[in-house]
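Undergrad: Note that the protein sequences, when read in sequence, are chains A and B. Heads up: the first sequence begins at 23 in the working numbering, then just goes up one per residue. Heads up: the second sequence begins at 922 in the working numbering, then just goes up one per residue. Built from N, CA and C at the ideal position, the CB exists for glycine as well. All of these numbers come straight from a predicted model, not from anything done at the bench.
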Amino acid sequence: MQSSLAILTDEKLIIECKKDQQHFAVLIERYIPKLTHYIRRRSLATSDDIEDLLQNIFIKVYRNINEYDTSLLFSSWIYRIAHNEMIDWYRREKRRTTLSLDDEAQDIVSKLFTEEDHVARFSHAEQKQLVIDAVNTLDEKYKDILLLRFFEEKSYEEVADILQIPAGTVAVRINRAKKQLEKNLTKHGTNK
Amino acid sequence: MEQISNTAKNILTAIENKRVTPRSKWYFVLRNSVLWMPGIVTTVLGAYTIAGVLYGILHIQVVQGKYIEAGNPIFMVAAIPLLWVVSFGLFSIISISLLRKTYAGYRHTTLQLLLVSVACSIILGILFYAITQDANDNMVKTYYRYPTQHQEEYYERIFSPQRIN
Chain A
23 MQSSLAILTD EKLIIECKKD QQHFAVLIER YIPKLTHYIR RRSLATSDDI
73 EDLLQNIFIK VYRNINEYDT SLLFSSWIYR IAHNEMIDWY RREKRRTTLS
123 LDDEAQDIVS KLFTEEDHVA RFSHAEQKQL VIDAVNTLDE KYKDILLLRF
173 FEEKSYEEVA DILQIPAGTV AVRINRAKKQ LEKNLTKHGT NK
Chain B
922 MEQISNTAKN ILTAIENKRV TPRSKWYFVL RNSVLWMPGI VTTVLGAYTI
972 AGVLYGILHI QVVQGKYIEA GNPIFMVAAI PLLWVVSFGL FSIISISLLR
1022 KTYAGYRHTT LQLLLVSVAC SIILGILFYA ITQDANDNMV KTYYRYPTQH
1072 QEEYYERIFS PQRIN
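1. Using three-state DSSP, classify A/Leu30 as helix, strand or coil.
2. Beta carbon of B/Gly973, beta carbon of B/Trp1005: below 7 Å?
3. Quick check: is the beta carbon of B/Arg944 nearer than 7 Å to any beta carbon in chain A?
4. B/Ile925 touches chain A at which residues, Cβ-Cβ below 7 Å?
5. Let's test the definition: count the other Cβ atoms within 10 Å of the Cβ of B/Val950 and tell me whether it reaches 16, buried, or not, exposed.
6. How big is the Cα-Cα spacing for A/Lys209 and A/Ile167?
7. Taking the alpha-carbon positions, what's the A/Thr58 to A/Ser65 distance?
8. What do you get for A/Ala199, buried or exposed, if any count of 16 or more other CB atoms within 10 angstroms of its CB means buried?
9. Taking the alpha-carbon of A/Ser122 as reference, which of A/Arg62, A/Tyr164, A/Glu38 and A/Asp161 has the nearest alpha-carbon?
10. Give the range of the alpha helix (DSSP H) segment to which A/Ile50 is assigned.
11. So B/Thr970 and B/Gly1046 are supposed to be a Cβ contact under 8 Å. How far apart are they, rounded?
12. Tell me whether A/Val153 is buried or exposed, calling it buried when 16 or more other Cβ atoms sit within 10 Å of its Cβ.
13. Counting along the chain, where does the alpha helix (DSSP H) carrying A/Leu123 start and finish?
14. For A/Arg198, which of helix, strand or coil comes out of DSSP?
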């Protein structure tokens, strides 16, 4: 049964979920790794926190299943719920948003900058902490955009649907994030 | 349900234990309608404002008395129902922020939503003005108090002082 359901698209599964909870189980299995990864990158949450967050996210998905708009990708919808749940979690925990990029930290430089000197300067392993600090001092709205666009590899439209902002705003914010990161990298680099 | 991870099992058990059930489709239809309502009210309010502005500008002599020439820009500004314009502005802010929460509302910028709202208000306002013109004329004839002798002297002093001298 599970294997036959595995070939169904998310959008078909979500429609079938309303009749049969088994379909929902398949969706849960499909999205646990993706969302776990997203939550890990988006926060310094512990494994227990992640489990609680995942539970809250899937409960919200199940409760609001009839709200799902089929013109939207299911993944955008579930990431939107996850994003909002993360914001609530940060509020509850009274923490400042921190991206946990670790090994991926250097990737952001090569993904964001085409200028060779930037890539050469900040792509070394010893510069890892510098890049992490520079990313974490970005404005909140820029952190979300960079994470979704360059690490979750979402398209502009998907990022727009997840964050519920116009697609044009996504492009503008990416550009500004790039400039701010460049400034932060230079600032942190000269302070060291 | 075989080959299911522990996390997935826990989630499904939590859903069962907390007796979570999907909200009815009507709940979301109603919520969406509530979010649209201020947008509709704003457009109608805007339409009344436009109709009021049109009436004020085109019938300025009726409203302001014989001393004021039609088309005088100062008095055209005076003819604008400011209270309505301010209300329209406030309603616009509220309705646009709510419209952004609707299914596709966030895909448009604030400026786009505002322009659509103003355009709808203008079209509807012209329609309102055309439909209610006769009724407005009758209302002004019935209820409008033309200046008293004392007021006329006052206007004369302000607008045509050369006549007094």
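TA: So, from the listed chains and residues:
1. Reduced to three states, the DSSP call for A/Leu30 is coil.
2. yes
3. yes
4. In chain order, Ala47 and Glu51 make up the part of chain A whose C-beta sits under 7 Å from the C-beta of B/Ile925.
5. Exposed, by the Cβ-count rule.
6. 22 Å
7. Rounded to the nearest angstrom, the gap between the Cα atoms of A/Thr58 and A/Ser65 is 11 Å.
8. buried
9. A/Arg62
10. Gln43 to Arg64 is the extent of the alpha helix (DSSP H) around A/Ile50.
11. Between B/Gly1046 and B/Thr970 the Cβ distance is about 7 Å, and since that is below 8 Å, they are a contact.
12. With 16 or more other Cβ atoms within 10 Å, it is buried.
13. No alpha helix (DSSP H) contains A/Leu123, which DSSP labels as neither H nor E.
14. If DSSP states are grouped into helix, strand and coil, A/Arg198 belongs with the helices.
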